[in-house]
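Following the UniProt record's numbering, the numbering of the sequence shown begins with 1 at its first residue and continues without gaps. Every residue gets a Cβ at the ideal spot worked out from N, C-alpha and C, and that includes glycine.
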Amino acid sequence: MTVYSDETNKDDHTTRNQDTGVEDWMLEIWDWIDNHNMHCGPDSIVPRDPGALRQLERLDLGYGKLTSYSYIDNKSVLQSESESTKPLPGAIGNLKNLKYLRLIGFKELPEEIAQLDSLETLVFMKCAFTEFPKVLCKLKNLKSLNIFSKSLERFPDELGNLSSLTSFDMRGTQVQELPDSIGNLSKLTSIQLCANRDLKALPESIGNLTNLDKLDIRASDFTTLPSSIGNLHQLKSLGLYHNDLQSLPDSIASLKTLEQLDVSENRLSDVSETVNQFLGRVSGKVTW
Numbered sequence: 001m002t003v004y005s006d007e008t009n010k011d012d013h014t015t016r017n018q019d020t021g022v023e024d025w026m027l028e029i030w031d032w033i034d035n036h037n038m039h040c041g042p043d044s045i046v047p048r049d050p051g052a053l054r055q056l057e058r059l060d061l062g063y064g065k066l067t068s069y070s071y072i073d074n075k076s077v078l079q080s081e082s083e084s085t086k087p088l089p090g091a092i093g094n095l096k097n098l099k100y101l102r103l104i105g106f107k108e109l110p111e112e113i114a115q116l117d118s119l120e121t122l123v124f125m126k127c128a129f130t131e132f133p134k135v136l137c138k139l140k141n142l143k144s145l146n147i148f149s150k151s152l153e154r155f156p157d158e159l160g161n162l163s164s165l166t167s168f169d170m171r172g173t174q175v176q177e178l179p180d181s182i183g184n185l186s187k188l189t190s191i192q193l194c195a196n197r198d199l200k201a202l203p204e205s206i207g208n209l210t211n212l213d214k215l216d217i218r219a220s221d222f223t224t225l226p227s228s229i230g231n232l233h234q235l236k237s238l239g240l241y242h243n244d245l246q247s248l249p250d251s252i253a254s255l256k257t258l259e260q261l262d263v264s265e266n267r268l269s270d271v272s273e274t275v276n277q278f279l280g281r282v283s284g285k286v287t288w
C-alpha cells in the first residue's frame, strides 16, 4: 500500500489523483494486484488507465502462477493454477460495467461483490467454498451461474433470490441436494448438472420452472426423478445419461414438447406401461 510521510504529501497525492481521474478504490485494486504479484511486466491484469478500468466489462481473475494474460477491448484475462488465501479487495464492487467475472482458486469474497449491478455471468473454478456464498445471491441481474468446484457441498436457501438467472451449470461438486428455493427461479431455461456424484435427486419444486427447455443430468448417481418433472411443458431436451435410474415417473409422458431424451447408461428395469407408450411415441428422439 502507499505510505505517506506526512499530511502535506498525502494532500499532494490526493490532488494529483484528482487531476488524473484516479480514485481511491482504483488504488486499492492496483495495490492488491501488485501485492499479490498479479502483473506481467508493465501491464497488470486490470488496466492502469482510470477510464479503461471504469469501463471494464470482463474479468478472468485467478491466483498463483500466471500462465497467460491479455487486455483487449474492455476485457482482462488471467489464467492461474493455484489457490488464493486472501479475499478479493472490496473495491471490486466499483467495477460498475463488469458483465462477466470468472474466479479461479479463491476462498473468500468481499461483501462489496454484491454491488456489481451489471454482472450477468459468474464462473467459479477450483474455488474452496464449502457453501455457496450468500452475498452472491444478491446479484439481481445475474443471468448465468457456472460452478466447477469439488469443494462445494451446499447452497443456501437464498439461491432462490437470483431472480434473473436463466442458466445454471454445476459440475464436479459434492453437493447432496439443491434447495427448494431453486423453484423460485422462474426465468431459468437451462440446468446442467454433470458429475455431481453426491447429488441423488432433484427437489419437487423443480416442476415450478415452466420456462425450462433444457435439463441435463449426466454422470451422476440419480436414482429417481421427481413426479413434478411432468410440469416442465417447455422442455425440449432431457439428458439423463449415466445415472442409476431404474424407473421414470409416469408424469414424463406429459412432456409434449420434448425433442431429445437420453436415458443411456442407466438401469431402467421398472418402467410402467404409461412410460413405455410414451417412449414408443418418441422413439426417434430417444437415446437408450
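In the DSSP assignment, what residue or residues form a beta bridge with Leu-261?
Taking the sequence shown and counting its residues from 1, one reaches residue 261 at position 261. DSSP lists Leu-238, Val-286 as partners of Leu-261.
Out of Ala-91, Ser-283, Leu-98, state which residue places its alpha-carbon closest to the alpha-carbon of Leu-27.
To locate residue 27, count along the sequence shown from 1; it is residue 27. Closest by alpha carbon: Ala-91.
Given that a residue counts as buried once 16 or more other Cβ atoms are within 10 Å of its Cβ, and exposed if not, what is Asp-117?
One-based indexing of the sequence shown puts residue 117 at position 117. By the 10 Å Cβ count, Asp-117 comes out exposed.
Leaving out five residues before and five after Leu-232 in sequence, what residues of the same chain have Cβ atoms less than 6 Å from its Cβ?
Position 232 of the sequence shown holds residue 232. Answer for Leu-232: Leu-212, listed in chain order.
Nearest-angstrom Cα distance between Glu-273 and Ser-144?
For the purposes of this step, residue 273 is taken as the residue at position 273 of the sequence shown. For the purposes of this step, residue 144 is taken as the residue at position 144 of the sequence shown. Taking the straight line from one Cα to the other gives about 38 Å.
Have a look at Gly-62, Asp-31, Lys-99, Leu-61 and flag the residue whose alpha-carbon is nearest the alpha-carbon of Arg-54.
One-based indexing of the sequence shown puts residue 54 at position 54. Nearest option by C-alpha distance: Lys-99.
Let's test the definition: count the other Cβ atoms within 10 Å of the Cβ of Leu-215 and tell me whether it reaches 16, buried, or not, exposed.
Counting from one through the sequence shown, the residue named residue 215 turns up at place 215. Buried: at least 16 other Cβ atoms inside 10 Å.
Is the Cβ-Cβ distance between Cys-194 and Ser-220 less than 9 Å?
Position 194 of the sequence shown, counted from the first residue, corresponds to residue 194. Position 220 of the sequence shown, counted from the first residue, corresponds to residue 220. Yes, these two residues count as a Cβ contact at 9 Å.
Once you ignore the five residues that flank Phe-278 on each side, which residues in its own chain have a CB closer than 6 Å to its CB?
Counted from its first residue, the sequence shown places residue 278 at position 278. Contacts found: Ala-253.
In terms of residues, what are the limits of the beta strand (DSSP E) holding Asp-60?
Locating residue 60 in the sequence shown gives position 60, where the first residue counts as 1. Counting along the chain, the beta strand (DSSP E) containing Asp-60 begins and ends at 58-61.
Could you give the first and the last residue of the continuous beta strand (DSSP E) run that contains Phe-124?
Position 124 of the sequence shown holds residue 124. Here the beta strand (DSSP E) through Phe-124 covers 121-125.
Under DSSP, the alpha helix (DSSP H) around Leu-27 begins and ends at which residues?
In the sequence shown, residue 27 corresponds to position 27, counting from 1. Its alpha helix (DSSP H) spans residues 24-35.
Can you give me the start and stop residues for the alpha helix (DSSP H) that Asn-184 sits inside?
Along the sequence shown, one-based indexing puts residue 184 at 184. Premise fails: Asn-184 is in no alpha helix (DSSP H) and is neither H nor E.
Would you call the CB atoms of Leu-159 and Leu-178 closer than 9 Å?
Translated into the one-based positions of the sequence shown, residue 159 becomes position 159. Translated into the one-based positions of the sequence shown, residue 178 becomes position 178. Cβ atoms of Leu-159 and Leu-178: closer than 9 Å.
Considering only C-alpha positions, which residue in the set Pro-89, Leu-95, Gly-93, Glu-120 is nearest to Phe-106?
In the sequence shown, residue 106 corresponds to position 106, counting from 1. Of the listed residues, the one whose Cα sits closest to Phe-106 is Pro-89.
Can you grab the Cα-Cα spacing for the pair Asp-24 / Thr-121, in whole Å?
As a first step, residue 24 is located in the sequence shown; it is residue number 24 there, counting from the start. As a first step, residue 121 is located in the sequence shown; it is residue number 121 there, counting from the start. Each residue's alpha carbon lies about 27 Å from the other.
Please classify residue 313: does DSSP put it in a helix, a strand, or coil?
With the chain running from 1 to 288 in the structure shown, residue 313 is simply not present.
Could you name the residues of the same chain whose beta carbon sits closer than 6 Å to that of Gln-260, not counting the 5 residues immediately before and after it, in chain order?
As a working note, residue 260 is residue 260 in the sequence shown. Within the same chain, Gln-260 has close Cβ partners Ser-237, Lys-285.
CA-CA distance, Gly-183 and Asn-266?
Mapped onto the sequence shown, residue 183 falls at position 183. Mapped onto the sequence shown, residue 266 falls at position 266. The alpha-carbon atoms of Gly-183 and Asn-266 are separated by roughly 26 Å.
Go ahead and pull the three-state DSSP assignment for Gln-192.
Numbered from its first residue, the sequence shown carries residue 192 at position 192. Assigned with DSSP and collapsed to three states, Gln-192 falls in strand.
What number of angstroms, rounded off, separates the C-alpha of Leu-139 from the C-alpha of Glu-112?
Here residue 139 corresponds to residue number 139 of the sequence shown, with the count starting at 1. Here residue 112 corresponds to residue number 112 of the sequence shown, with the count starting at 1. One C-alpha to the other measures close to 11 Å.
Could you tell me the distance, in whole angstroms, from the CA atom of Arg-171 to the CA atom of Thr-210?
Counted from its first residue, the sequence shown places residue 171 at position 171. Counted from its first residue, the sequence shown places residue 210 at position 210. Spanning the two alpha carbons is a distance of roughly 23 Å.
Tell me the rounded alpha-carbon separation between Val-275 and Leu-165.
In the sequence shown, counting from the first residue as 1, residue 275 sits at position 275. In the sequence shown, counting from the first residue as 1, residue 165 sits at position 165. Looking at the two C-alpha atoms, the distance is approximately 32 Å.
If contacts are defined as beta-carbon pairs under 8 Å, then Ser-103 and Cys-127 qualify, I think. What distance do you get, rounded to the angstrom?
Against the sequence shown, residue 103 aligns to sequence position 103. Against the sequence shown, residue 127 aligns to sequence position 127. The amino acid at residue 103 is misidentified as Ser; the sequence shows Leu. Yes, Leu-103 and Cys-127 are in contact; Cβ-Cβ is about 6 Å, under 8 Å.
Pop quiz: Leu-56 and Leu-95 are said to be a contact at Cβ under 8 Å. What is the actual Cβ separation, rounded to whole angstroms?
For the purposes of this step, residue 56 is taken as the residue at position 56 of the sequence shown. For the purposes of this step, residue 95 is taken as the residue at position 95 of the sequence shown. Rounded, the Cβ-Cβ distance is 6 Å, consistent with contact.
Looking at Leu-245 and Val-282, is the spacing between their C-beta atoms short of 9 Å?
In the sequence shown, residue 282 corresponds to position 282, counting from 1. In the sequence shown, residue 245 corresponds to position 245, counting from 1. No, Cβ-Cβ distance for Val-282 and Leu-245 is not below 9 Å.
Quick one: grab the DSSP three-state call for Asn-243.
Position 243 of the sequence shown, counted from the start, is the residue given in the question as residue 243. Reduced to three states, the DSSP call for Asn-243 is coil.
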